[in-house]
Amino acid sequence: MLELAGIIILGILAQWVAWKFKIPAILPLILIGLLVGPFAAEFFSDDGSKWIEPIWNGREGLFPGESLFYFVSLAISIILFEGGLTLKLSEIKNVAPSITKLITLGAAVTFFGAAIAAHYTFYLSWEMSFLFSGLIIVTGPTVITPILRNIPLPKDVSAVLKWEGILIDPIGALIAVLVFEFISVDAGGEFTKRAFIEFGKIVLFGFSFGFTFAHALNTIINRKWIPHYLLNVFALASVLGVFVLSDSFAHESGLLAVVVMGMVLGNSKSAYLKELLYFKESLSVLLISILFILLAANINMSDLLLIFNWNTAVLFAIVVFIIRPIAVFLSTYKSTLKFNEKLFISWVGPRGIVAAGIASLFGLKLAKSGVPDAEYITPLVFMIVLGTVLLNATTARMFAKLIGVFLKKSEGILIVGASKLSRLIGHYLEENGRHVVLIDSNQENIKKSEELGLEGINTNIYSDTLMDNIELNDVGYLMALTASADINTYAINKFGEQFGENGSFRLLTADEMSNSDKLPREGLFAQSDDFNSLSEVARKFPAVNEIEIKDKSHFISLLKISDADADIIPIFIKNNKGVLDIISASNKEKHIIEPGFKLVYIGKPFDVEKM
């Protein structure tokens, strides 16, 4: 009981440490597992026993016999199902060609290159070499996000790294599963006719069960045959049921079935998907916390000594410093990415949870079956995972500065609220070369934003998901433009430090507008303009206009005209280089004005003849 409670407590503690220090959770989880496992047995125990012994050894242990394999299999199936849910076919079609090539051509380069490297450095059999290479293809978003969260990067670089991690996770897992199936159907022998038949059965049952039961589950939920409070646990039971059922028809086809099931459900347009994904994310955090402490603790010191040599350093260097750059530069050939941006993407390729989890599962199973060289799989993959995470976590920021991809000033703008007013302002900013992102919990508003070519995120402002969005790393301005004063204030307080380093602004409240002596610095636009008045002007005059400013006195006269006319609302000052300066309620007349500057405003055009 103490060991079980200890694993959960240590796992959640590791997750908290990862959050606090903005590092991938897999790093403290594996280190804790090694500490309570092989290191404790070697250095801190008189009788050579581990503090946490995953497999029953006759005296102690949590899982007797094969039960650890069963638990790992079920946990991995849930994690892979969640990965499949995130894989949208529309995203594969619409993402930049360089991202598509990274998950196809780049994956192929890694698959064959790492296999050759493993074969000639550790003299592994070709079967084990290709299993190793299949496992290290993946670069998961759960390890990339904490590393890049506080590195301001160009939007294209962040997008490539983010979507490569999301899209290649289930694809890499699928390749590793298929290689494992091919090995396991005829372990230790030649690739016979029977092996090909068994491999075909695995693919057939994996795809057919995953596809069929995904549609069945989708139909059952959409027709409301399941009460809402049972929705998530019913989906969980369905995933486990499909995994076990597929496995009973074709051994080891269950993992393939759940990946396919997740992919099919993830590409449906059902309303329950977001809620299901939130539940699966929470469950995955718990399972990952338990799983990786168990798997790391299950490694023996003899396993670590297998790779405690120069061959390991050579293999790591080849994978990280040769194969990864080749894969990236081939995949991004003739793309719009600059050389230094390609170099940074080559540097950042941390392997994650899927690689370590499946490696442990497959390594344990093949070693127990007596497959030659199978004992190398788990420690080698763990070495790649820990090595790449440590390398990128400690050097990514410094390397970004060194090669010049680190943004000295974040010019992107995050607009909270995607109403017509926000879309109007956002569209103008986008046309003037600014990266604009609108967030709103109203899906229809986000849809209208995307129809204008704007980037929109359908999320709740009270959710923490925005903090993990590395594509917002170039955002340095925050504008809260919702109808709710509470939401606007909350957005400034919560996200101002991360997304408003150059300025955080919000609409004024009614009380603030009535007190001209104490206007907050973050107050937007004119003192009298609240959400309703701004929205009414945007409805009557849906256009953003510009008027050239002759000098400071001309600027002040324009402001006085706008103060007297509710249908004219100044929003920006545009200098002669095209740089925009946001007008706030507290500093309207304090801007420096030079020849060639323009006043940007919403509303009816100024009557130039009367000026």
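Going from the sequence shown to the numbering used here is simple: count from 1 and add 119. Every residue, glycine too, gets a C-beta built ideally from N, C-alpha and C.
Buried or exposed: residue i, going by 16 or more other Cβ atoms within 10 Å of its Cβ?
i    : result
V298 : buried
G284 : buried
L571 : exposed
D686 : exposed
V698 : exposed
W135 : exposed
A599 : buried
S248 : buried
Y495 : buried
F162 : exposed
D366 : buried
A683 : exposed
G307 : For G307, the pLDDT reaches just 44, beneath the cut-off of 50, and the residue's location in the model is therefore unreliable, although a value from the coordinates is still provided. Exposed is the call here.
P147 : buried
M382 : buried
M380 : buried
K528 : exposed
T261 : buried
K566 : exposed
Please state the DSSP three-state secondary structure of residue i.
i    : result
G468 : coil
E530 : coil
K139 : helix
G575 : strand
L272 : coil
F200 : helix
E665 : strand
L456 : coil
G319 : helix
I290 : helix
F725 : coil
I86  : Residue 86 lies beyond the residue range present for the chain, which begins at 120 and ends at 730; the question has no answer from this structure.
V228 : helix
L557 : strand
V279 : helix
V257 : coil
L181 : coil
G536 : coil
If you follow the alpha helix (DSSP H) that residue i is in, where does it begin and where does it stop?
i    : result
V719 : Premise fails: V719 lies in the beta strand (DSSP E), 717 to 722, not in any alpha helix (DSSP H).
L254 : 245 to 254
D700 : From DSSP, D700 is part of no alpha helix (DSSP H) but of the beta strand (DSSP E) over 699 to 701.
L677 : 671 to 683
F368 : 350 to 368
M502 : 496 to 522
P489 : Looking at the sequence itself, residue 489 is Gly, so the reference to Pro does not match. Note, G489: premise wrong, no alpha helix (DSSP H); not H, not E.
A657 : 650 to 659
M420 : 420 to 425
V439 : Segment: none, V439 is in no alpha helix (DSSP H) and carries neither H nor E.
M380 : 373 to 385
G545 : 539 to 550
S568 : 562 to 570
L148 : 145 to 153
S217 : 216 to 220
State yes or no: is the C-beta of residue i within less than 7 angstroms of the C-beta of residue j?
i    : j    : result
V290 : I222 : Checking the displayed sequence, the identity of residue 290 turns out to be Ile instead of Val. Yes, these two residues count as a Cβ contact at 7 angstroms.
A376 : V352 : no
L410 : A194 : yes
L526 : V555 : no
S568 : A537 : yes
V378 : G259 : no
K679 : V719 : no
N430 : T229 : no
I407 : I472 : yes
I412 : P157 : no
I808 : I544 : An answer regarding residue 808 cannot be provided, because it is not within the stretch 120 to 730 covered by the chain.
N621 : G595 : yes
L423 : P491 : no
F740 : E300 : It is not possible to answer for residue 740, since the shown part of the chain is limited to 120 through 730.
N511 : I198 : no
Going by DSSP, what residue range makes up the beta strand (DSSP E) through residue i?
i    : result
S623 : 622 to 625
D77  : What is shown of the chain runs 120 to 730, which leaves residue 77 out entirely.
K693 : 687 to 693
G595 : 594 to 599
Mind reading off the beta-carbon distance from residue i to residue j? Whole number of angstroms is fine, and I expect it under 8 angstroms.
i    : j    : result
L677 : L540 : Contact doesn't hold; Cβ gap of about 21 angstroms is too wide.
S252 : A234 : 4 angstroms
A610 : I580 : 6 angstroms
S357 : F324 : At roughly 17 angstroms, the Cβ-Cβ gap does not stay under 8 angstroms, so S357 and F324 are not in contact.
V524 : P273 : 6 angstroms
I721 : I690 : 6 angstroms
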